[in-house]
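Reviewing the structure listed below.
Numbering (our numbering), first residue to last: 10 to 171.
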């Protein structure tokens, strides 16, 4: 993006150098017309500029969006952790076998909870928690969901009863 902005600046400087009067000492004299135009533009908002004055800003924005899209497409994507899908599948099977129904999975929230728990605990620990949670009588009043099972209060209770 910095290169795109610098490219716009280079274009502006080139415009000044081409439209100014070059003096033998290397300085450039700009016409009163150009100076007045730039003063007016500097005091104005983008929306009050005339269409050809706005075009430069729109061109820069288009180039920035293009660069952003390219960066997004080329960004290294984190590989999906296969343990997450396996844990969701296992919880669903446990719930069907133990509670007798297929649970609703909130993939956004449940995936975050699983990833967070996997930072400190193994897949086997999480499976043990699911089994304990769905079989424990004290959890009958709680929602049989992954995010409930992995909530810190419930998970701490599981850890204390291991």
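Beta carbons: idealized from backbone N, C-alpha and C, even for Gly. Being a predicted model, the structure only gives us computed values, none of them experimental.
Check whether residue i and residue j have beta carbons under 9 Å apart
i           : j           : result
residue 96  : residue 132 : yes
residue 159 : residue 123 : yes
residue 156 : residue 119 : yes
residue 200 : residue 65  : An answer regarding residue 200 cannot be provided, because it is not within the stretch 10 to 171 covered by the chain.
residue 90  : residue 58  : no
residue 42  : residue 50  : no
Same chain only: Cβ atoms within 8 Å of residue i, ignoring 5 sequence neighbours per side
i          : result
residue 13 : 69, 72, 73 and 76
Residue i - DSSP class collapsed to helix/strand/coil
i           : result
residue 31  : strand
residue 114 : coil
residue 156 : helix
residue 108 : coil
residue 54  : coil
residue 130 : coil
residue 98  : helix
residue 11  : helix
residue 151 : coil
residue 66  : helix
residue 61  : helix
residue 90  : coil
residue 71  : helix
Beta-carbon contacts of residue i that lie in its chain and below 7 Å, excluding the five residues immediately before and after
i           : result
residue 38  : 29, 30 and 32
residue 144 : 107
residue 44  : none
One or two residues paired with residue i in a DSSP bridge
i          : result
residue 37 : 31
Neighbourhood of residue i by C-beta, 6 Å cutoff - its chain only, sequence neighbours within 5 removed
i           : result
residue 92  : 132
residue 125 : none
Cβ contact (3+ pairs, closer than 8 Å) linking the stretch 97–104 and the stretch 122–142: yes
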